[in-house]
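In what follows, a single structure is set out as structure tokens and then discussed.
2 protein chains.
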Amino acid sequence: MAGVRLQDVAEHAGVSMKTVSNVVHAHPNVSAPMRERVQRAIDELGYRPNAIGRRLATGRTGLIALAFADVRLPYFSELANVVSKAAAATGSGYRVLLEETEGTIEGERAVLSASEAGLVDGMLLQPSQMSSREIAERHGDLPMVLLGEGPAPLSVDRVMIDNVAAATVATEHLADLGRTRIAFVGHENEGLSWTSRQRIVGYQQGLESRGLPVEHDLLIPTGAIASDEAARAVGEAIDRGIRFDALMCRDDLAAIGALRALHERGISIPDDVAVIGWDNIAFDATTFPSLSSVSPNTHELARVALEMLAERIDGYDGIGRHRLVDFELALRESAPGSLQASGATSDAASDVDADVDAGASGSLSHSLSA
Amino acid sequence: MAGVRLQDVAEHAGVSMKTVSNVVHAHPNVSAPMRERVQRAIDELGYRPNAIGRRLATGRTGLIALAFADVRLPYFSELANVVSKAAAATGSGYRVLLEETEGTIEGERAVLSASEAGLVDGMLLQPSQMSSREIAERHGDLPMVLLGEGPAPLSVDRVMIDNVAAATVATEHLADLGRTRIAFVGHENEGLSWTSRQRIVGYQQGLESRGLPVEHDLLIPTGAIASDEAARAVGEAIDRGIRFDALMCRDDLAAIGALRALHERGISIPDDVAVIGWDNIAFDATTFPSLSSVSPNTHELARVALEMLAERIDGYDGIGRHRLVDFELALRESAPGSLQASGATSDAASDVDADVDAGASGSLSHSLSA
DNA sequence: CGGCCGACTTCTAGCGCTGTAAATTCACCT
DNA sequence: AGGTGAATTTACAGCGCTAGAAGTCGGCCG
């Protein structure tokens, strides 16, 4: 039943509260018979420690906030899953409080300046709008680790993958497939995000390293980070006469939209146009054709981020540490490994089956540790 | 700065703690000059109330748990988004603590019998494995509302859509499109979930109401709730010689997998096979062809669930209330509205564009309130 | 056989905030 | 001027738990 307090257990067992507390915490210096007697009392009363009371006393809440734009974006929901599992696996067994910023500056401010303090022990934040100065100013003394390639003040820890390198590798892969007109899809129409900026830089580097020209026409922005917007933008570009034989997409949502726009126009993938997405979300394996994608190592990202956060919570107070985690290219049908460069048309059913099965069948891995 | 306590503010302003507390809470009966004086002290010290302290004193944490199988499933991530927005909009401004059960009985038990009590004020749980008896036994006195069509003891509140009715309507729509061999895809290979069970019942009712025979061969189970599993299962069924002209899918993941299996084999959608999914996830608008889907009113679901939960938290102690919220059929290319029954081939670019834009273009709405 | 040591348990302050009840102040009447 | 009730403000006792100080008890050494 509810409302059984430590004191009730103590009385029931005829001992002091501290002894009960010691039993609950498996402290040493409790004799076996005593331990058993107390445990029986706990069981009989159905006692469960009250989290809030404990937390007031210890100053730790066991909660960390995970803040990003929107759980509905597959990358973030997959991240939430990974982080919450990793957090639970932590020694301290953290639980995760989800906060959505909607990708707006107001949302990010709201998350950082919550009017109440002390609810969470620390925060994992993936900022998208806020300047690094503002982040530095606002986070106050809340232990924090930033995720992703967004703004990051030097004073705060951060984990990310090397977006420039990843975009370069992916673009080079398309070039190595023999593509010469590689377009970039999915950056913001206006107000380029940090993410888009870096991926475009990498895209350009990839083109240059393969001796391909950089054409402004081949940058296809979208109105929002959403597959329908991408479908429209790519469709319009095609209809406007823009020609390309490969698409480097800012993210998988853009890639999925692009897939649709190409299908609508009867353009064959990857024969006419190869496509690479970004994030390697679960759907990539079952789009048609299945989607090659830049695959950040989110497990490692979560692990490193939580590790640094735990250190901050424990009082570490050094300068911000910036860590890179690795990524790989998950190669699927939309931009296969170079061996099978152009290859069979994509309706070879049995081949495809095997591919779906293997998930990230071929992959180029890149470890860049810090 | 950190660690400014109520008492510090009180001393700084030369008043009692309670007066400061009153100012913080905008209580009446605080004179204007006093309010201003205290406010200045608060600002000068940069005081922010400590959530844990307050919560210990009030007994409320302002947190509710939202527990379901896996955030990575789009339906759940969309639900999480809706619930957390709705919860924040509540008078009490609840925050949402995410809990994943992995869809296993152990996970569900873990969520229900968290060893610590008092962390959350209440819980929204979408069970999938646990029996209603076990739910009733375990939830103890934690205010709780169940989501979805899973098991629900009579003593606990629950919100769901009428899955049987929805499946019937969707199946009938396929029949009205002239389809006579309508298969059902995506239920579990073994250990049918409550969800699948009800949707299959509705599917059967839909067939019967249109005078179509129910064939066991047309039930295509999958190994897991995942699009790749569905792709494989549908592919195998086709390869085994099973013939159908429409697919009623247990969920959108199954539908997306089915889409892929059909594409691989060069089967035209919706001309050869029409497809209806379930959940109306965001991707449905940009699959190719776009996917018709049963669209539960999740906003309403969240609203009703939170409302009931709030009442439970406030001490309401009646018998379990079971509420239905409405759904509609979001009709897109994979199973269009009956007017355009077979219609143009799906690569009519401009038409399609408009369609993508409109999202759930045509829709049959069903309000079933309780 | 008394005293001292170590092992174990109890005592007792809080952690930061809120709610109730009591105290104070103040404007206004008679 | 004394009294009254309303409006404010203060005092204080916890909410449930933890941790360090203080106490208790049995055993062992001299």
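Residue numbers (full-length UniProt numbering), protein chains in the order written: chain A, 1 to 370; chain B, 1 to 370. Just so it is clear, CB atoms sit at the ideal spot from N, CA and C, and this is done for glycine as well.
{"Asked": "At which residues does the alpha helix (DSSP H) containing I313(B) begin and terminate?", "Found": "T298 to I313"}
{"Asked": "Residues bridged to D157(B) by DSSP?", "Found": "V145(B)"}
{"Asked": "Sorted by chain position, which residues of the same chain lie with C-beta nearer than 8 Å to L97(A)'s C-beta, five sequence neighbours on each side aside?", "Found": "L63, I64, A65, L66, L119 and V120"}
{"Asked": "Within the 8 Å Cβ cut-off, does P127(A) reach chain B?", "Found": "no"}
{"Asked": "What are the complete alpha helix (DSSP H) segments, minimum 4 residues, inside the stretch 79-117 of chain B?", "Found": "105-112"}
{"Asked": "By how many angstroms is the C-alpha of R232(B) removed from the C-alpha of N189(B)?", "Found": "13 Å"}
{"Asked": "Using a Cβ-Cβ cutoff of 7 Å, what residues of the UniProt domain \"HTH lacI-type\" (4-58) of chain A are near chain B? List them in chain order.", "Found": "R48, P49, N50, A51, I52, G53, R55 and L56"}
{"Asked": "Using Cβ-Cβ distances below 7 Å, what residues of the stretch 221-251 of chain B are close to chain A?", "Found": "S227, D228, A231, R232 and G235"}
{"Asked": "Could you tell me which uninterrupted alpha helix (DSSP H) segments, each at least 4 residues in length, are contained entirely in the stretch 237-289 of chain A, listed from first to last along the chain?", "Found": "252-264"}
{"Asked": "What residue does the alpha helix (DSSP H) around T195(A) start on, and which one ends it?", "Found": "W194 to S209"}
{"Asked": "List the DSSP bridge partners of T180(A).", "Found": "Looking at the DSSP assignment, T180(A) forms no beta bridge with any residue, so it has no partner."}
{"Asked": "Under 7 Å, CB to CB, which of the residues in the stretch 76-96 of chain B have a partner in chain A?", "Found": "S77, E78, A80, N81, S84, R95 and V96"}
{"Asked": "Put R54(B) into one of helix, strand or coil per three-state DSSP.", "Found": "helix"}
{"Asked": "Would G318(A) and R158(A) be called neighbours here (beta carbons separated by less than 8 Å)?", "Found": "no"}
{"Asked": "Does the distance from the CB of M17(A) to the CB of A10(A) come in under 8 Å?", "Found": "yes"}
{"Asked": "Determine which residues share a DSSP beta bridge with L124(A) and list them.", "Found": "L66(A) and V145(A)"}
{"Asked": "Give me the chain B residues within the contact set of A285(A), using Cβ-Cβ distance strictly less than 7 Å, ordered along the chain.", "Found": "D228"}
{"Asked": "Buried or exposed: where does N163(A) fall if 16 or more other Cβ atoms within 10 Å of its Cβ makes it buried?", "Found": "buried"}
{"Asked": "Applying the 10 Å Cβ sphere with the 16-neighbour rule, what's the burial state of G178(B)?", "Found": "exposed"}
{"Asked": "Output the boundary residues of the beta strand (DSSP E) element that contains P221(B).", "Found": "L219 to T222"}
{"Asked": "What are the boundary residues of the beta strand (DSSP E) that includes H322(A)?", "Found": "H322 to V325"}
{"Asked": "For E116(B), would you say it is in contact with chain A, using Cβ-to-Cβ distances shorter than 8 Å as the test?", "Found": "yes"}
{"Asked": "Quick one: residues in its chain with C-beta nearer than 7 Å to the C-beta of L45(B), no 5 flanking neighbours on either side, listed in chain order?", "Found": "V4, D8, V9 and H12"}
{"Asked": "Based on DSSP bridge pairs, tell me the residues matched to S292(B).", "Found": "I276(B)"}
{"Asked": "Take I42(A) and list the residues in its own chain whose beta-carbon comes closer than 6 Å to its own, dropping the five residues that flank it on each side.", "Found": "V9"}
{"Asked": "Who are the neighbours of F288(B) on chain A, taking C-beta pairs under 8 Å?", "Found": "L259, R260, H263, E264 and F288"}
{"Asked": "Taking just the CA atoms, how far does S193(A) sit from R40(A)?", "Found": "59 Å"}
{"Asked": "Under 8 Å, with one C-beta from each stretch per pair, do the stretch 221-231 of chain A and the stretch 283-296 of chain B reach the 3-pair mark?", "Found": "yes"}
{"Asked": "Do three or more CB pairs link the stretch 271-283 of chain B to the stretch 249-258 of chain B at distances below 8 Å?", "Found": "yes"}
{"Asked": "By alpha-carbon positions, which one of P143(A), M160(A), A69(A) and R133(A) ends up nearest to P127(A)?", "Found": "A69(A)"}
{"Asked": "Which residues bound the alpha helix (DSSP H) around S132(A)?", "Found": "S132 to R138"}
{"Asked": "Return the first residue and the last residue of the alpha helix (DSSP H) that A10(B) is part of.", "Found": "L6 to A13"}
{"Asked": "With P143(A) and I313(A) assumed to form a contact (beta carbons below 8 Å), what rounded beta-carbon distance in angstroms separates them?", "Found": "5 Å"}
{"Asked": "Taking Cβ positions, are V185(B) and R138(B) nearer each other than 8 Å?", "Found": "no"}
{"Asked": "I'd like to know whether the C-beta atoms of V294(B) and A166(B) end up nearer to each other than 8 Å.", "Found": "yes"}
{"Asked": "Check distances from the C-beta atoms of the stretch 126-152 of chain B to those of chain A and list, in chain order, the residues that come in under 9 Å.", "Found": "G140, D141 and L142"}
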